[in-house]
Amino acid sequence: MNRWIPYIAKRLFYMALTLFIIITATFFLMNFLPGTPFNNQDRLSASQLEMLNKKYGFDQPLFSRYLNYLGNILHGDFGISLQFSDQKITTLLGQRMGPSIQLGLQAVLFGTVVGVFLGMIAAMHQNRGLDVFCSLFAITGRSVPNFVVAVLLQYLFAITLKWLPIGLWDEGFRSTILPTLALSISPMAESCRFIRTEMVEVLSSDYIELARAKGMSEIRIAFSHGLRNALIPLITVLGPMTVSLMTGSLVVENIFAVPGIGEQFTKSILSNDYYTIMAVTILFSALLVTVIFLTDILYQLIDPRVRVEGQA
Amino acid sequence: MSEAKVLIPDSAFVPAASAAAQAEPELPRALSFLEDSWRKLRKNKAAVVTLALLIIITTLAFLAPVLAPFDPNEQHLAHKNLPPKWPGVSLNGLNGTSEFRGRRIDAYALAKVQEDQYYLLGTDEFGRDLLSRCLWGTRISLTIAFIAAVLDLTIGISYGLFSAMKGGRVDNAMQRALEILSGIPSLVLVVLMLLVFQPGIASIILAMVISSWIPMARVVRAEALKTKQMEYVQAARALGASEVKIALGHILPNISGIVIVRAMFSIPSAIFFETFLSFLGVGMRIPNASIGTLLNGGYKVFRLYPYQMFIPAAILCVIMLSFNLFADGLRDVFDPKMKE
Chain L
232 MNRWIPYIAK
242 RLFYMALTLF
252 IIITATFFLM
262 NFLPGTPFNN
272 QDRLSASQLE
282 MLNKKYGFDQ
292 PLFSRYLNYL
302 GNILHGDFGI
312 SLQFSDQKIT
322 TLLGQRMGPS
332 IQLGLQAVLF
342 GTVVGVFLGM
352 IAAMHQNRGL
362 DVFCSLFAIT
372 GRSVPNFVVA
382 VLLQYLFAIT
392 LKWLPIGLWD
402 EGFRSTILPT
412 LALSISPMAE
422 SCRFIRTEMV
432 EVLSSDYIEL
442 ARAKGMSEIR
452 IAFSHGLRNA
462 LIPLITVLGP
472 MTVSLMTGSL
482 VVENIFAVPG
492 IGEQFTKSIL
502 SNDYYTIMAV
512 TILFSALLVT
522 VIFLTDILYQ
532 LIDPRVRVEG
542 QA
Chain F
107 MSEAKVLIPD
117 SAFVPAASAA
127 AQAEPELPRA
137 LSFLEDSWRK
147 LRKNKAAVVT
157 LALLIIITTL
167 AFLAPVLAPF
177 DPNEQHLAHK
187 NLPPKWPGVS
197 LNGLNGTSEF
207 RGRRIDAYAL
217 AKVQEDQYYL
227 LGTDEFGRDL
237 LSRCLWGTRI
247 SLTIAFIAAV
257 LDLTIGISYG
267 LFSAMKGGRV
277 DNAMQRALEI
287 LSGIPSLVLV
297 VLMLLVFQPG
307 IASIILAMVI
317 SSWIPMARVV
327 RAEALKTKQM
337 EYVQAARALG
347 ASEVKIALGH
357 ILPNISGIVI
367 VRAMFSIPSA
377 IFFETFLSFL
387 GVGMRIPNAS
397 IGTLLNGGYK
407 VFRLYPYQMF
417 IPAAILCVIM
427 LSFNLFADGL
437 RDVFDPKMKE
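Protein sequence lines correspond, in order, to chains L and F. Going by my numbering, the letters in the first sequence line up with residues 232 to 543, in that order. Going by my numbering, the letters in the second sequence line up with residues 107 to 446, in that order.
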């Protein structure tokens, strides 16, 4: 167990450093943003502006604001939203975490299960009709952006066929179906391709030959030997995929009017809500860094061939 | 049989072939790198078809100033939202009629368009010709993607090669820097950058390149480290070649296949970013057309005039699919071991 401690300490240090740099960079970037967060600035009198600036702390020197901001973040305080009359950003985003996480998990789950299944079928029928079909599906899923898929799904199932709600979040599970489908396209394509390459390799190895010689059925070979060995490397791509799904849902959430983080982010961009933009950026970065870290650890725990560096 | 003395007539003997004829047949000329790659690529049908498609699309897009029947930004408010109409075709959807309260009406007659005027892909909400806008839009999107790919390539190769050639502490520091940079989700980074810069083509390219050169730098470094150990590099060093000469003259040509493949994959991802940003409303500014702005415009009215969104969506899908399939084909040629 001891060998893990220096490794994890080193990784944690780099994670903290990464986040610190991201926070600093976003803070100073935000100060170069053109425009102001106040509506109708032209109509405000000088004294009104001064009051507003004072209220939000814009009158202090940049560097002391920066230190303040850093200190607040350490206490879990991201400041107040400039868009929604002084709401705390932590509560604002807290309310919106639910739908985003639900969509992300549903999409990853559905996408990988279907993708793994398709990849397996493709590998078992290598270079035959079904394989070509699955590979074509995978490359289409990789090529077509998810917001285009979202719009097409919306047109087909919500507007033309009227089977499912066009958007909003008010019909429980029914309103999650279309955004989930749209988001699940890329994990589906990725895992399909991934499992196919892995399984093709596994299926040509000697122990699979032995299983065949023993008279095991192809289906059992695929599940109990092939899939098991092909699944391990999938873990490495699964984590970053989930995060990219959450950031990628920016537009999809907008299209289906889902009250999630992504939709909030787009709103904040269009209204120059500095603090919310920064908070979402930091949140997404923290997620990404953490997920990459956890994936690495998990991978090393599961696959005995991968070892912590510096160890024989 | 053994005792028989076989008499062979003189006529059965022929003079031996001359030395010249016996010499080994001349070897075919060695194939150059390009010829060899092309020969392998030709076997992949999907890659050949998509290459042809890409050439056609690129040519059409870059000939937009010649081919476009109208000025892409010229507004004809009287002719707004006209559906596609093709000369001599009476198929619904291509004959200039649209459905209105369950009946088909001739939108062109209603808008008092001249008999002989056709908008092959219809018009948008400002009466701008969609065909012209699509041609110009594809041109802009492709330009952005190509420039972004070239910049990725230049920055990624320089950074990766430098890091690999220096090695040691410099390499370590440069890799840590990359690790930190890659902790920022690229979509968020690009959006932030675009907020800070003045909107326009240059900003979009710059914002994309800031995050997209990183994987290229990593690949180049990893490959260069491997190539650095080769005997021919050691030989070059023994002969006194400078580090720059080794990096550019010996290592770079030998990793070019992998670099080309990566560059091909970075084009569709640049197109994706551009459409994403424009769709979000922070990319290209109106009235300029790009695939992203066309999609955005079409999305706003797609419940009433779905063709305005389907056409750019179809163009985008074809371009993205072609680039990805072609890049896949190239990868099989240059780098058969790479799985990804």
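For every residue, glycine included, the Cβ atom is placed at its ideal position computed from N, Cα and C.
Test: residue i CB closer than 9 Å to a CB of chain F
i: L:P376; result: yes
i: L:M419; result: no
i: L:M246; result: yes
i: L:L243; result: no
i: L:R373; result: yes
i: L:T497; result: yes
i: L:L384; result: no
i: L:F258; result: no
i: L:I466; result: no
i: L:T255; result: no
i: L:T249; result: yes
i: L:L501; result: yes
i: L:N358; result: no
i: L:I370; result: yes
i: L:Y309; result: Tyr is not the amino acid found at residue 309 of chain L; the sequence shown has Phe there. Taking Cβ atoms only, chain F never reaches closer than 9 Å to L:F309, which makes this a no.
i: L:N460; result: no
i: L:S475; result: yes
i: L:V482; result: yes
i: L:V379; result: yes
Under 9 Å between C-beta atoms of residue i and residue j
i: F:G228; j: F:L400; result: no
i: L:K319; j: L:I332; result: no
i: L:Y245; j: F:R282; result: yes
i: L:I528; j: L:I239; result: yes
i: L:F515; j: F:P291; result: yes
i: F:I357; j: F:F440; result: no
i: F:I307; j: F:T381; result: no
i: L:L395; j: L:S406; result: yes
i: F:I377; j: F:L312; result: no
i: F:A323; j: F:I261; result: yes
i: F:R327; j: F:G387; result: no
i: F:Y413; j: F:P189; result: yes
i: F:S238; j: F:P305; result: no
Residue i in three-state terms, based on DSSP
i: F:D212; result: strand
i: F:D235; result: strand
i: L:K319; result: strand
i: F:I290; result: coil
i: L:I311; result: strand
i: F:K406; result: helix
i: L:K498; result: helix
i: F:K103; result: What is shown of chain F runs 107 to 446, which leaves residue 103 of chain F out entirely.
i: F:K191; result: strand
Nearest-angstrom Cβ-Cβ length linking residue i and residue j, presumed shorter than 8 Å
i: L:F388; j: L:L414; result: Going by Cβ atoms, the distance from L:F388 to L:L414 rounds to 15 Å, so no, they are not a contact pair.
i: L:G346; j: L:P418; result: 6 Å
i: F:L427; j: L:T371; result: 6 Å
i: F:S372; j: F:A255; result: 5 Å
i: L:F258; j: L:Y300; result: 6 Å
i: F:F408; j: F:M370; result: F:F408 to F:M370, Cβ: 32 Å. No contact.
i: L:A488; j: L:F309; result: That pair is no contact at about 24 Å.
i: F:N225; j: F:D235; result: For the record, residue 225 of chain F in the displayed sequence is Tyr; it is not Asn. With a Cβ gap of about 6 Å, F:Y225 and F:D235 count as contacting.
i: L:N485; j: L:T497; result: 5 Å
i: L:I523; j: L:P471; result: 6 Å
Closer than 9 Å to chain L by CB, residue i
i: F:E231; result: no
i: F:I290; result: yes
i: F:R282; result: yes
i: F:C423; result: yes
i: F:V112; result: no
i: F:N150; result: no
i: F:N430; result: yes
i: F:R409; result: yes
i: F:K445; result: Note that F:K445 scores a pLDDT of 44, beneath 50, so its modelled location is shaky; the value from the coordinates is reported in the next line. Taking Cβ atoms only, chain L reaches closer than 9 Å to F:K445, which makes this a yes.
i: F:V388; result: yes
i: F:A419; result: yes
Using a Cβ cut-off of 7 Å, which residues of the stretch 510-526 of chain L contact any Cβ in chain F, in chain order? Considering only beta carbons, the part of the stretch 510-526 of chain L lying closer than 7 Å to chain F consists of T512, F515, S516, L519 and V520, in chain order.
Taking any Cβ of chain L, which residues in the stretch 289-309 of chain F have a Cβ under 7 Å from it, in chain order? G289, I290, P291, L293, V294, V297, L298, L301 and V302
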